[in-house]
Amino acid sequence: MLLTPSFVLGLLGSFAVVSACPDHEDGGHNHGHAHTHSRRATPSVPLPPPTRQLEWGDINFIHTTDSHGWLLGHQKASFPEPNYSGDFGDFASFVAHMKELALERDTDLLLIDSGDLHDGTGLTDGFPPGGIDAHDANQFIKQLPYDVMAIGKHQNFAPSLKGRYLSSNVNITLLNEAGQVVTVPNDLLNSKPERRKVTSLGVLFDFTGNDHNTTVQKVADMVKETWFTDAIQEEPDFFLLVGHMPVSRDDWPLVFNAIRAVHSTTPILIFGGHTHIRDCLQLDGRSMSLESGRYMETVGWLSAKLDKNGSNKNITFSRRYLDPNRVTFEFHSKKNEQNFDTPLGQSITKGLNALAKRFGLSFQFGTAPHDFTISRSSYPSEDSLPRLFIENAVPVALAINNTRASIPNIIITNTGSLRFDIYAGEFTKNDQLTVSPFVNGFLYIPDVPFSVANQIVPALNNADENEKREFHGNTAYKRSLEEADKKYGVERRAAPNLTLGYVTSDSCPGVGDDIIHSPLPSFSLPDFIGSVPPSVADDAPIDLVFLDFNEPDVLQILNAVQDARNYTTADVASYSPVKATEVLGFFILGLLGSFAAVSACSDHEDGHAHDHAKRATPSVPLPPPSRQLDWGDINIIHTTDSHGWLLGHQKASFPEPNYSGTFGDFASFVTHMKELAIERDTDLLLVDSGDLHDGTGLTDGFPTGGVDAHDANQFIKQLPYDVMAIGNHELYIYANTLDMHQNFAPSLKGRYLSSNVNITLLNEKGQVVTVPVGERFAKFKTRKGRKVTSLGVLFDFTGNDHNTTVQKVSNMVKESWFADAIKEEPDFFLLVGHMPVARDDWPLVFNAVRAVHPTTPILILGGHTHIRDCRTSTSPPECATKFDISSVQLDGRSISLESGRYMETIGWLSAKLDQKVSKKNITFSRRYLDPNRVTFEFHTRKNNFNFDTLQGQSITKGLNSLATKFDLSFQFGTAPHDFTISQAPYPSNNSLLSLFIENAVPVALAINNTRASIPNIMITNTGSQRFDIYAGPFTKNDQLTASPFADAFLFIADVPFSVASQVLPALNNAGANERREILEARERELYGRGRVDAVYNRWLEEQDRRSGIERRAAQNLTLGYVTTDSCPGVGDDILHAPLPFHSTPDFIGSIPPTVADDAPIDLVFVDFIESQLLQILNSVQSAKTFSTADVASYSPILANEALGLYAQSAWN
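Terminal number for the sequence shown in UniProt numbering: 1212, no gaps in between.
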């Protein structure tokens, strides 16, 4: 469960919607952009009620299809939009009431959908980068009791339907958990609900536009399959054929006839979709097929009065096309405004509004002066949307920052590039996504004579019909509008008592429309439209501009209307970075010459301050470095284990200000250091040793459907890293690894290294391949021409996800590719990896290289254990345990460096190289820099006025925008003082561990918990807390940083208090020798899975032991890291007093209740420690052997939500 502000507030008694919405800080442009998310209690204009009640039968259906994300209703005031103003919450209430009426009538009512949930509004298409179309919106659709849903050409989601999401002829090819390729249906092929026996199929038309690794079997072939024969062999009470295939076109007769060949009289009910029309058709007297429009503009109703199987009599059917609005819903459900809404309906509406807010859908580009429609106005006319688009919006948008804007042109597009009308009033981000959704680029051919270019649009529109590309579903929809207008338009629109809307003529008896309307005017459109031609001579060369979608059509026609030359794709180039979907927004916003950044930020309705402003200087005075850096022939800036800490450490309590520099500040630092390297005529490399994921809200705060760190990594890609290596945190979740492989590694152009890490995936041919996530090695030359061979090695990590593999380092060095990679001698080896320099298997790599090149310089840049460390000798670190050290066999011509964690350290390494054949020791220098502006300005010889670069400022601004988009500054409360993990003793008032287990967890788990009154003891592991809490605002980002692990709470009931109270001490105090062995084995296991707390804590403890009391007593040093490593000289760039360190137990518990020894209590614990706890529980008593069968879930609240819930109640 993800802890959101709305969830917090709801649990604590008052449910306030808090989510993302664009701020109004667009610089000097004061557009007065209103943001309206409130739900209308009634339609915005009066609507006529239905003229008659629905007819019920023995079996009744409510049908939806082609909803395409229209879940918040149609919200404009111009007709026909108010007809469809009911939102999906209203629809949910309607369904609930209709289900109740069905129970009263003792009849069946099924809820059916025929597909296409994706691609239509901002609720589906407005997801942030890294998200998935419709993933969030579909969470609300899942809440309705759909009996059967069929796949459309735009989507799939299946498990929530529990076997009723049907894709009879649609398969997906994927990797199962064993890494094997399987091709399976998106769900079951048929469904057989209980009571009346039903056999159901879900059929997609012969769709050919599907993506790689999905297959659509032709319907003609599907009905020949053995599974199909088996599925229809047994006679049900009726067949329910649901599919994304129109009922009066296509291949339903193939399915129908195949069934009729076996069951000649069994009722067959067909629910189709795809062409967006209202339609009904009977294939025989015992069947009926229904199609129910599009965009939640229609809710279909079908009823059938069944007789006995075997009867030949015609069945009495009834169908109705309902306008989805509250007047309609209240009329048919026999409710009114006061009793219509259900809690589920209200919750869905509220949730959809929150989603719209989070996606920033009400950001207003401007105000449309009147309606602009696709086919209700003639083209070209002032009210024509195609004309507005091609004659006004496209020319304006494509001229922005375009060096070719002054060259005359003709711009061409297809009318299908527009999907929906623009209505008078606010034009929002949602309108932009709805009206013009297609992300097509604009191309051009230069120097086309005007007399030739001017013939293209007429020729495209007058081409022989057979030469035009295959029509799509919109053709049937446009025909239905034209036919309705032709039949009834003039007469009905002359009558003032009818509102505009759909007027349906289908093949079924009676009137299908639930409300009588006058039809919409409908004007035919050309297939292609063009901008106003320039006034130039016939032979004047102009630019011929067109959409990439139209490229083959334009080239074919261009070669048909002239023969002076043969145009090909080689003559085509990109005209503008502006995409078709952006055109209307740019035009209406009026971005002429000044490009304003528009990004999402939550409103401040909750009274919580949101401070994203960048600090010009650190928030408290900081000491400068004590000396300049030592430069060599080769110099390296090193980062590692950044874990999303890209906005610096923003708290005022030390040591946080030491690390207050943002990644934008770091980018400016790198730029200036590169300039200094050029001045010195020396080499400077930028290197990273992995773990970009999992650490702050910038990585972990992504919305549902996103990918961890995808957005944050866009800023890391902007820095000129020479080499980066993969970390273990890139491997815990396959989606993250795949994102790194597909979207991050390519930006490093062969320098993102994963020497012993592979990913298994499907290539474009649908074949399984196992390939490195990045590259195995890299060979390159520095700016000064020095040859470098680089590897990127990960320690022997065992916690990786399915379909990723980590080869042991000992095996990697035996690979033939490794031997080939190191065979040629470079000027130096650069070994980069996510492996600590004072432990693990660097000696294996080092020795393998030394066996071939005994004197070549070797520079090792490690990571993972979060410490500052440097190695040049065989001496192990004093804080190591006996299993920490593999033999470290470095020499005088090598050095290894590890540079901390969380952007708390920037490593500096320099080497004064000599001849490769030399055996003399090389002079190395290393430094650990505190990343803050004082440090950065000191070493770059800049000041606060000339330090910032444009790139650095842009990165900081972008990161603040990302924090805003993720709503990371939402404030749960204000921490009264610092709560630390190891700086304060446990237990104590300043201990985060005490706060967590003694206060936060008991408060959070008591919320809505029927067992809250039962005495309990709660236990968790100390590793559940990752970072300290500091005095001041406690935000969403702080919660994600301090307590990130989504562990669930379990419990064992009725444990005697005398037994339960022994569990925590026993966990922490097993017999000394046994305990040591258990600890070391456990630590070794945890290390393999990526946990480094033990090594990092020993390092802190050693700092405090060496000089803590003395240095802190002097009071002339700020708190920070005090490093002792194995390299000569002082490594820390700034001298600090070490942080106080207090050891903590492995496990912590809540305050025991005051009860009798034999009183039964609940023993509550996190699922992460279940096996250990059961083992200890059985060791401290013998009355019963406890097992997992005795364990149950205690609360839906997860460990990472506890602090936010507590802060909300206690710190306000």
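Don't be surprised by glycine CBs; every beta carbon is placed ideally from N, CA and C.
Pull up the CB-CB distance for residue i and residue j, whole angstroms please, since I reckon it's below 8 Å.
i: HIS864; j: PHE795; result: 6 Å
i: THR956; j: PHE1034; result: Contact flag wrong, Cβ pair sits at about 23 Å.
i: ASN550; j: ASN414; result: 6 Å
i: ASP1162; j: ASN1016; result: 4 Å
i: ILE315; j: ARG278; result: ILE315 to ARG278, Cβ: 21 Å. No contact.
i: ILE422; j: ASP371; result: 7 Å
i: LYS478; j: SER378; result: That pair is no contact at about 14 Å.
i: GLY86; j: PHE329; result: 6 Å
i: GLY1090; j: PHE797; result: 6 Å
i: ALA1202; j: PHE979; result: With a Cβ gap of about 13 Å, ALA1202 and PHE979 do not count as contacting.
Going by DSSP, which residues form a beta bridge with residue i?
i: MET1018; result: VAL1164
i: PHE528; result: ASN414
i: SER896; result: ILE860, ARG871
i: ILE62; result: LEU111, TRP301
i: VAL757; result: VAL806
i: LEU1050; result: PHE1165, SER1193
i: GLU235; result: Note: GLU235 sits in no beta bridge, so no partner.
i: THR974; result: PRO1033
i: SER991; result: THR980
i: GLY833; result: VAL793
Among residues of its own chain, excluding the 5 on either side of residue i, which ones have a beta-carbon nearer than 6 Å to its beta-carbon?
i: GLY152; result: GLY115, ASP116, HIS244
i: LEU240; result: VAL198, SER200, LEU269
i: ALA258; result: VAL223
i: LEU302; result: PHE61, LEU290, ARG319
i: ASP1054; result: PRO1160
i: VAL394; result: ILE411, VAL583
i: GLN906; result: The question names Gln, but residue 906 is Ile in the sequence shown. Hits under 6 Å: LEU929, PRO931.
i: LYS305; result: GLY57, ASP58, THR316
i: PHE924; result: ILE895, ALA911
i: ILE407; result: ASP543
Taking 7 Å as the limit between beta carbons, can you name the residues of its chain near residue i, skipping five residues before and five after?
i: SER1193; result: ALA1048, LEU1050
i: TYR1206; result: ASN999, ALA1000, VAL1003, ALA1004
i: ASN756; result: VAL793, LEU794, VAL806, GLN807, VAL809, MET812
i: SER887; result: Note that SER887 scores a pLDDT of 33, beneath 50, so its modelled location is shaky; the value from the coordinates is reported in the next line. Excluding positions up to five away in sequence, the list reads PRO843.
i: ASP548; result: ASN440, GLY441, LEU443
With a Cβ-Cβ cutoff of 9 Å, do residue i and residue j count as a contact?
i: residue 1213; j: ILE400; result: The shown model of the chain, from 1 to 1212, leaves out residue 1213, and the question about it has no answer.
i: THR1118; j: LEU622; result: yes
i: VAL1063; j: VAL1180; result: yes
i: ILE1134; j: GLY1120; result: yes
i: ILE867; j: PHE828; result: no
i: ALA1031; j: HIS1142; result: no
i: MET673; j: THR940; result: yes
i: LEU686; j: LEU719; result: yes
i: HIS741; j: VAL768; result: no
i: ASP694; j: HIS729; result: yes
What does a CB cutoff of less than 8 Å around residue i pick up in its chain, not counting 5 residues either side in sequence?
i: ILE733; result: ASP708, ASP801
i: residue 1251; result: Since the first residue of the chain shown is 1 and the last is 1212, residue 1251 is not available in this structure.
i: LEU959; result: LEU646, LEU647, THR662, PHE663, GLY664, LEU698, ALA712, PHE715
i: ALA459; result: ILE557, ALA560, VAL561
Would you verify that the beta carbon of residue i is, or is not, closer than 9 Å to some beta carbon of chain B?
i: THR671; result: Among the protein chains of the structure shown there is no chain B, as only one such chain exists.
Of all the beta strand (DSSP E) runs that stay within the bounds of the stretch 633–671, which reach a length of 3 or more residues? 634–639
Please specify which runs of the alpha helix (DSSP H), each continuous and at least 4 residues long, are wholly inside the stretch 934–966, giving them in chain order. 950–965
Could you name each continuous beta strand (DSSP E) segment of 3 residues or more that falls completely within the stretch 377–427, going from the start of the chain to the end? 409–414
Inside the stretch 1140–1194 only - beta strand (DSSP E) runs reaching at least 3 residues: 1147–1149, 1160–1166
Could you tell me which whole alpha helix (DSSP H) segments of length 4 or greater appear in the stretch 291–364? 326–333, 343–358
Output the residue ranges of the alpha helix (DSSP H) runs that lie fully inside the stretch 78–154 and measure 4 residues or longer, sorted by chain position. 88–105, 122–125, 135–141
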